[in-house]
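Beneath this line is the structure, given in structure tokens, with notes to follow.
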């Protein structure tokens with residue numbers, strides 16, 4: 203049994219106060235996150251010793267309880283999720299202005315300038331590429347970007363700013379995530395954009411799962427399920443993709459499986475960029491910044507992204523420009539390059 207309901211509405215954890223009772227009425231109570239293996243194993247050991255119950259049977263019962271709680275949470279949040287999807291609406295004036303913008307020549311150059319008006323200071327060479335990647339979530343082959351830089355260089359701030367250019371219903375910004383939460387996500391993140399602020403801080407198992415979502419377009423796992431008569435049966439769990447993603451790392455060199463899946467974007471740590479950031483901070487402290495204009499620029503880009511429709515891109519010039527055969531993992535890198543070309547074409551869809 204659980205006491206006090208589910209402590210978190212976030213799908214990357216399942217915190218409860220769990221009560222286990224044996225046949226003699228003796229109980230063991232403790233708080234536990236059912237998505238944390240270490241916490242669950244600690245609970246199992248303590249409950250088993252105190253109540254005289256088999257640890258393996260307790261493990262099966264908790265696994266069954268976890269499935270029931272996930273179903274309960276999904277059913278009770280479905281209506282809220284549907285309502286959230288309806289919150290992003292576009293007025294006729296906004297739509298007209300955005301369509302006119304999308305039909306202009308030199309679209310990427312103008313879009314980059316619009317990004318600059320939203321409050322992203324400097325980073326003229328870096329701020330457009332992550333947006334191109336994050337906005338590809340609607341396509342069948344989305345892109346992924348990894349932001350590199352030392353601590354304090356402003357990577358998470360750039361990541362959040364870029365993610366806020368996407369309409370709220372399709373963006374997810376995480377400071378931490380577990381592999382179990384992703385395996386049980388179902389279709390929640392299908393054609394959505396996710397961001398991980400600290401890629402280095404998540405476990406290798408979780409990194410592996412995210413990489414599979416990036417390239418495989420989905421996840422499939424097999425587990426056991428306890429039936430009402432006490433017998434066990436196999437159960438398959440699926441997580442649907444695809445997703446686009448942004449991640450931050452402090453490592454100068456990253457795991458090569460990430461490098462072959464993602465565009466690497468090194469944040470600007472030059473003295474000139476530092477001066478720009480300091481000047482922006484001074485303007486903010488003096489009250490010289492027009493926050494309303496920054497919010498309007500962000501909203502305008504959200505409308506642009508919302509108006510872009512998913513569609514197939516055929517590139518008749520594929521193969522005219524080829525990567526050198528000496529590059530590392532050319533098969534995967536060439537596919538990344540071709541998808542990037544398709545994404546640029548997709549952003550220009552209202553000019554065709």
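Residue numbers (the working numbering): 203 to 554.
Beta carbons are placed, not taken as given, at the ideal position from N, Cα and C, and that holds for glycine.
Item: If you follow the beta strand (DSSP E) that residue 306 is in, where does it begin and where does it stop?; Value: It is not in any beta strand (DSSP E) - residue 306 carries neither H nor E in the DSSP assignment.
Item: If residue 398 sits next to residue 449, beta carbons under 8 Å apart, how far is it from one beta carbon to the other, in whole angstroms?; Value: 5 Å
Item: What residues are listed by DSSP as bridge partners for residue 397?; Value: 375, 448
Item: Rounding to the nearest angstrom, what Cα-Cα distance links residue 488 and residue 496 in this structure?; Value: 16 Å
Item: What do you get for residue 367, buried or exposed, if any count of 16 or more other CB atoms within 10 angstroms of its CB means buried?; Value: buried
Item: With a threshold of 8 Å, are at least 3 pairs of Cβ atoms found where one atom belongs to the segment 328-342 and the other to the segment 420-440?; Value: no
Item: Does the segment 316-328 come within contact of the segment 470-477, defined as at least 3 CB pairs closer than 8 Å?; Value: yes
Item: For the segment 338-346 and the segment 434-451, state whether three or more C-beta atom pairs, one from each stretch, are separated by less than 8 Å.; Value: yes
Item: Take every Cβ of the segment 409-424, pair it with every Cβ of the segment 300-316, and state whether three or more of those distances are shorter than 8 Å.; Value: no
Item: Could you tell me the alpha carbon to alpha carbon distance between residue 520 and residue 349, rounded to whole angstroms?; Value: 28 Å
Item: Which stretch, first to last residue, makes up the beta strand (DSSP E) that contains residue 218?; Value: 217-223
Item: Can you give the Cα-Cα distance for residue 360 and residue 547, rounded to whole angstroms?; Value: 25 Å
Item: According to DSSP, residue 533 sits in a beta bridge with which residue or residues?; Value: BP columns for residue 533 are empty, so no partner.
Item: Output yes or no for whether 7 Å exceeds the beta carbon distance between residue 438 and residue 392.; Value: no
Item: Give me the DSSP bridge partner(s) of residue 271.; Value: Paired residue(s): none; residue 271 is not in a bridge.
Item: By alpha-carbon positions, which one of 390, 205, 297, 385 ends up nearest to residue 407?; Value: 385
Item: Please report how far the alpha carbon of residue 224 lies from the alpha carbon of residue 421, in whole angstroms.; Value: 37 Å
Item: May I ask you to list the residues that DSSP assigns as paired with residue 241?; Value: DSSP, once it has assigned bridges, lists no residue as partnering residue 241.
Item: Taking the straight line between their C-alpha atoms, what separation do you get for residue 388 and residue 382?; Value: 12 Å
Item: Determine which residues share a DSSP beta bridge with residue 350 and list them.; Value: 451, 468
Item: Quick one: using the 10 Å Cβ neighbour count with 16 as the cut-off for buried, is residue 270 buried or exposed?; Value: exposed
Item: Along the chain, where does the alpha helix (DSSP H) that runs through residue 335 open and close?; Value: 330-336
Item: Assign residue 365 to one of two classes, buried (16 or more other C-beta atoms within 10 Å of its C-beta) or exposed (fewer than that).; Value: buried
Item: Rounded to the nearest angstrom, what separates residue 553 and residue 290 at their Cα positions?; Value: 25 Å
Item: Check the C-beta distance from residue 517 over to residue 544 and give it rounded, since I have them as a contact under 8 Å.; Value: 6 Å
Item: Report yes if the CB atom of residue 378 is closer than 7 Å to the CB atom of residue 395, and no otherwise.; Value: no
Item: Taking buried to mean at least 16 other C-beta atoms within 10 Å of its own C-beta, is residue 530 buried or exposed?; Value: exposed
Item: Using a Cβ-Cβ cutoff of less than 6 Å, which residues in the same chain neighbour residue 320 once the five nearest sequence positions on both sides are dropped?; Value: 496, 499, 500
Item: Hey, quick one: how far does the beta strand (DSSP E) through residue 523 stretch, first residue to last?; Value: First-last for residue 523: undefined, no H or E at that position.
Item: Hey, would you say residue 227 sits closer than 7 Å to residue 219, going by beta carbons?; Value: no
Item: Does DSSP put residue 247 in a helix, in a strand, or in coil?; Value: helix
Item: Run the proximity test for residue 261: is its beta-carbon closer than 6 Å to any non-hydrogen atom belonging to the ligand SAH?; Value: Here there are no bound small molecules, and the ligand SAH is not part of this structure.
Item: Examine chain B for any beta-carbon lying closer than 7 Å to the beta-carbon of residue 488, and answer yes or no.; Value: Chain labels in this structure do not include chain B; a single protein chain is all it has.
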